[in-house]
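Before any comments, here is the structure.
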Amino acid sequence: MKLKVARGYSKDASSYQIYEVPEKPGSTILDALLYVHDNQDDTLGFRYSCRGAVCGSCGMLINRVPRLACRTQLASMLLPESRHLVPSISIPEGGFELGREVLIEPLPNLERQKDLMVDMTPFFKAYKAISPFLLEKEGSEHFMPQPTVRELERYTNCVLCAVCFSSCPINGKELDYLGPAALAKLYRFIIDPRDAQRSMRLEKGNSTTGWWGCQFHANCAYVCPKGVTPNYAIAKARKMIRERTVAISKEDS
Amino acid sequence: MPAAITDTRHHDAIVIGGGLTGLRAALAANGAGADVAVISKVHPLRSHSVAAQGGINASLNNNKGEGEDSWEAHAYDTVKGSDYLADQDAVSFMCQDAPRAVLEMESWGTTFSRDDEGRIAQRPFGGAGFPRTCYAADRTGHNLIHTLYEKAVQAGIEIFEERFVLSLAMEGGRCRGLVALDIASGEVEAFSSKSTLLATGGYGRIFSRSTNAYINTGDGAALALKAGVPLRDMEFVQFHPTTLFGTSILISEAARGEGGVLTNAVGERFMSRYASKAMELAPRDIVARAIQREIDEGRGQEGGYINLDLRELGREKIMERLPGIRQIAMDFAGIDPISAPIPVQPGQHYSMGGVACDVNCRTALAGLYAAGEAACVSVHGANRLGGNSLLETLVFGKLAGENMAMDSAAASFDDGAAKALANSEQLRLKEIRSTQNRTQTSKLREELNRTMFTDFGIFRTALRMKGGLAIASNLANKGESIGVGDKAKEYNQALIGALEFQNMSCVALPICMSAIAREESRGSHYRTDYPKRDDLRFLKHTHITKRAGEHALTYADVLLDRWPLEERRY
Numbered sequence: 002m003k004l005k006v007a008r009g010y011s012k013d014a015s016s017y018q019i020y021e022v023p024e025k026p027g028s029t030i031l032d033a034l035l036y037v038h039d040n041q042d043d044t045l046g047f048r049y050s051c052r053g054a055v056c057g058s059c060g061m062l063i064n065r066v067p068r069l070a071c072r073t074q075l076a077s078m079l080l081p082e083s084r085h086l087v088p089s090i091s092i093p094e095g096g097f098e099l100g101r102e103v104l105i106e107p108l109p110n111l112e113r114q115k116d117l118m119v120d121m122t123p124f125f126k127a128y129k130a131i132s133p134f135l136l137e138k139e140g141s142e143h144f145m146p147q148p149t150v151r152e153l154e155r156y157t158n159c160v161l162c163a164v165c166f167s168s169c170p171i172n173g174k175e176l177d178y179l180g181p182a183a184l185a186k187l188y189r190f191i192i193d194p195r196d197a198q199r200s201m202r203l204e205k206g207n208s209t210t211g212w213w214g215c216q217f218h219a220n221c222a223y224v225c226p227k228g229v230t231p232n233y234a235i236a237k238a239r240k241m242i243r244e245r246t247v248a249i250s251k252e253d254s
Numbered sequence: 291m292p293a294a295i296t297d298t299r300h301h302d303a304i305v306i307g308g309g310l311t312g313l314r315a316a317l318a319a320n321g322a323g324a325d326v327a328v329i330s331k332v333h334p335l336r337s338h339s340v341a342a343q344g345g346i347n348a349s350l351n352n353n354k355g356e357g358e359d360s361w362e363a364h365a366y367d368t369v370k371g372s373d374y375l376a377d378q379d380a381v382s383f384m385c386q387d388a389p390r391a392v393l394e395m396e397s398w399g400t401t402f403s404r405d406d407e408g409r410i411a412q413r414p415f416g417g418a419g420f421p422r423t424c425y426a427a428d429r430t431g432h433n434l435i436h437t438l439y440e441k442a443v444q445a446g447i448e449i450f451e452e453r454f455v456l457s458l459a460m461e462g463g464r465c466r467g468l469v470a471l472d473i474a475s476g477e478v479e480a481f482s483s484k485s486t487l488l489a490t491g492g493y494g495r496i497f498s499r500s501t502n503a504y505i506n507t508g509d510g511a512a513l514a515l516k517a518g519v520p521l522r523d524m525e526f527v528q529f530h531p532t533t534l535f536g537t538s539i540l541i542s543e544a545a546r547g548e549g550g551v552l553t554n555a556v557g558e559r560f561m562s563r564y565a566s567k568a569m570e571l572a573p574r575d576i577v578a579r580a581i582q583r584e585i586d587e588g589r590g591q592e593g594g595y596i597n598l599d600l601r602e603l604g605r606e607k608i609m610e611r612l613p614g615i616r617q618i619a620m621d622f623a624g625i626d627p628i629s630a631p632i633p634v635q636p637g638q639h640y641s642m643g644g645v646a647c648d649v650n651c652r653t654a655l656a657g658l659y660a661a662g663e664a665a666c667v668s669v670h671g672a673n674r675l676g677g678n679s680l681l682e683t684l685v686f687g688k689l690a691g692e693n694m695a696m697d698s699a700a701a702s703f704d705d706g707a708a709k710a711l712a713n714s715e716q717l718r719l720k721e722i723r724s725t726q727n728r729t730q731t732s733k734l735r736e737e738l739n740r741t742m743f744t745d746f747g748i749f750r751t752a753l754r755m756k757g758g759l760a761i762a763s764n765l766a767n768k769g770e771s772i773g774v775g776d777k778a779k780e781y782n783q784a785l786i787g788a789l790e791f792q793n794m795s796c797v798a799l800p801i802c803m804s805a806i807a808r809e810e811s812r813g814s815h816y817r818t819d820y821p822k823r824d825d826l827r828f829l830k831h832t833h834i835t836k837r838a839g840e841h842a843l844t845y846a847d848v849l850l851d852r853w854p855l856e857e858r859r860y
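Protein sequences, first through last, are from chains D and F. Here this note's numbering runs 1 ahead of the position in the first sequence, where the first position is 1. Here this note's numbering runs 290 ahead of the position in the second sequence, where the first position is 1.
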């Protein structure tokens, strides 16, 4: 079967190269790219590490949907349902023969470095902007009920692969928008009973670059390889802010 | 001729590797006032630590119903699990420090799973007398490394990502820094330091079937070997009993800790014949051999695997305690463990051996330190217990960082060696990129992988190993004149692959030599031609040192100051 792969360095317009790869049951897109690199073209650039969907290295646009290459079965990308539209994502239609070839391109919303590798700097800049570390309270072992852990896990499962960031139409337009992963991380600290600055954190996202920038396209939750739901976190944070405002105005009156 | 390199970056302490050990060391060195930098060939969150699943051991004693746990009990289990090859001072230090290390991570934000009373939950693990493995579902490594990276961001630690370390700079009997390739730009950079830590993880990718990430190519061991620093106990390679059939992705021991059972093709719970008391929770070396024996003797499933059956656990427990395992089985084998058994086979998992260091993480070369899987201190001896590797990263990472900061205070910079080395390394890389003699790295790597797994696998014999050593030596020679098709300077991943192959093939040789010399069976090193442990001849650490191109093999005593030798029964 064929892979149609976008090639080029940062400033180049993409050119596409076709590679023929063997169809082996169980093969993933990452396996296919490694096959190309090992046997046909060692100039092809792409990031990878764990091959088990835990390290977040291999995010790329596969059949125009952002996904992890290691978690995506090659055969499944020949099926028509592999081309689910991601709503509002500003990437062109067509350009490949679905069912005969798999289209592989770099993640959108981030600048390409080489071939399928993108510059993650803006993504990690947003991550760092939300102070992504627990602000400790005193005490050695904090007790925490398991249901709280379960709620936290919805967000701590994030592997920071930037697949959500690249699927978000707001990140595509607004350079300052923190984006789904950073906002999910921010929310994770707000609901962590061990954190000393939870209301400060809620306030940190209280702007159009934060909670209020989201338009609930929900692409983030749709493409997340780990089942994280940043849209849900954003909705909850907005609700907290509304309720806090109501509580304060009640106190005032 | 490329332009000469005259710039040098300076840091008191440089940590090579951005996994759990490296980040913990950097935080400790930074906390002790040193100017520290981390150099990693990937972004730290892409390090293999992220893939650790089952948990981290500490005698927190949160399971009161099970009796009284203690650091001594933890240490005893570790020593017995190591088949008495671990150094007992190092084991005692680690087990005593374990509760502090776990509670520290909890206070820094790691979301550990909890028991009914909100305490950190603990589950049973192989070879352990108490349920002392703390966990964050089955994503413990992921949760720990994200916490440490968050702390590193908070502390403002300088991290040089996607730098491949080429060699260590030495002058006057000290390590003076290193030379690294910036993968993005293709430029060679000189780093000057007062102390340097090898925290590069293991060498699993030398073997064909490995749970390890592609990046685990033994880079730290190779750097040490080139610098004349001894490697210790390299013959001890852990084969994990349960890796997913076909992809070798790890299926955590937690699956058995939570009650999963192993069955052969006739539906028998065969562990009763190998470890009648501990059953599936015998240590990994024993369970891996049992599974391989079942397969070799024709009681495996077609294709060569056995079943790991979690169905008895039920949906709720699987979803709560093993959600990652379920996801892996579904994504990579199309199987939901709630309704069907998982096909598993043993695969390479962990490197017990590594860069020889003392209990303070100091190596034989002044200014050079080693910790974590890259090191051999030794706390795992001939076989590591599940849950002890994450613990080792935190305990010895911290200790290494503190010692580096302390030692750096009395040391000074010397840039000469790193600068000179940078210029020669630049020429070496240019040679690899420009040579017309293009070797296909993948073909060499595949042959090395196959040789190591078949000839230095779960069952070993002199005959096979000697054949394997000849092949590995030949491959190491070929690796020296390697060439690549990619001629570009920027983002040349073919070049990185070639350099990694050089590291893998040069680290393979000490594994082969140590294994051939050890004429006994101990822990993970099982010789069908010498099936018994031989304490008289081999209750010793193997050391391999490379000097002037020649490997020298010597032995060193094991420190047994507390727990006397016993026969290992489970």
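Each residue gets a CB set at the ideal place from its N, CA and C atoms; glycine is no exception. Source: prediction; values computed, not measured.
Contact between F/A672 and F/G813 holds, with the beta-carbon distance rounding to 2 Å and staying under 8 Å. Going by DSSP, F/P531 is part of the beta strand (DSSP E) stretching over 527-534.
Between D/P231 and D/L69, the gap from beta carbon to beta carbon reaches 8 Å or more. Under the 8 Å criterion on CB atoms, D/N64 is classed as non-interfacial with respect to chain F. For D/Y49, the closest C-alpha among the options F/I806, F/Q783, F/E856, F/H841 is that of F/Q783.
One finds M145, P146, Q147, V150 in chain D with Cβ atoms closer than 7 Å to the Cβ of F/R404, taken in chain order. Under DSSP, D/Y178 shares a beta bridge with no residue.
When DSSP states are grouped into helix, strand and coil, F/F454 belongs to the strand group.
Contact between F/G676 and F/E543 holds: their C-beta atoms lie close to 4 Å from each other, under 8 Å. Between D/E154 and F/T683, the C-beta gap is not smaller than 8 Å, which leaves the two residues out of contact. Identification of residues in the segment 636-653 of chain F having a C-beta nearer than 9 Å to some C-beta of chain D yields an empty set. Among the residues of the segment 417-441 of chain F, those with a Cβ less than 9 Å away from any Cβ of chain D are A426, A427, R429, G431, H432, N433, H436, T437, Y439, E440, K441, in the order of the chain. Taking a beta-carbon distance threshold of 8 Å, F/A784 counts as an interface residue toward chain D.
Comparing C-alpha distances from D/A222 to each of D/S11, D/R202, D/K25, D/P67 shows the shortest one belongs to D/P67. Not flagged as an interface residue toward chain D: F/I581, since no C-beta distance is shorter than 8 Å. L153, E154, T157, N158, C159, V160, L161: these are the residues of the segment 153-167 of chain D whose beta carbon lies less than 9 Å from some beta carbon of chain F, given in chain order.
For the C-beta of D/K237, not a single chain F residue is nearer than 9 Å; the gap to the nearest is close to 17 Å. Collapsing the DSSP output to three states places D/L203 in a helix.
A distance of 8 Å or more separates the beta carbons of D/A197 and D/K129. In this structure, F/L317 is the residue among F/D704, F/L759, F/L317, F/E770 with its C-alpha nearest to the C-alpha of F/L487.
The beta carbon of F/D847 lies closer than 7 Å to those of K830 in the same chain, with the five residues before and after it left out.
Per DSSP, F/I625 lies in no alpha helix (DSSP H) and is assigned neither H nor E. Against chain D, the beta carbon of F/E525 has no neighbour under 9 Å; the closest one sits roughly 27 Å away.
D/P194 counts as exposed, since fewer than 16 other C-beta atoms from the protein chains shown sit within 10 angstroms of its C-beta. Taking the Cα positions, F/P800 is about 41 Å away from D/I105.
Rounded to the nearest whole angstrom, the C-alpha separation of F/I473 and F/D776 is 13 Å. Judged by DSSP secondary structure, F/S500 falls outside any alpha helix (DSSP H); it is assigned neither H nor E. Counting along the chain, F/R735 sits inside no beta strand (DSSP E); it lies in the alpha helix (DSSP H) bounded by residues 731-745. Residue contact check for F/R409 against chain D: a CB pair falls below 8 Å. Within the segment 104-126 of chain D, those residues whose Cβ lies closer than 7 Å to any Cβ of chain F are, in chain order, Q114, K115, M118. Under the 8 Å Cβ criterion, the segment 334-348 of chain F does not count as touching the segment 817-830 of chain F, having fewer than three qualifying pairs. For F/D776, the chain D residues whose Cβ falls inside 7 Å of its Cβ are D43, T44, in order along the chain. Using a Cβ distance threshold of 8 Å, F/C651 and F/N693 count as a contacting pair.
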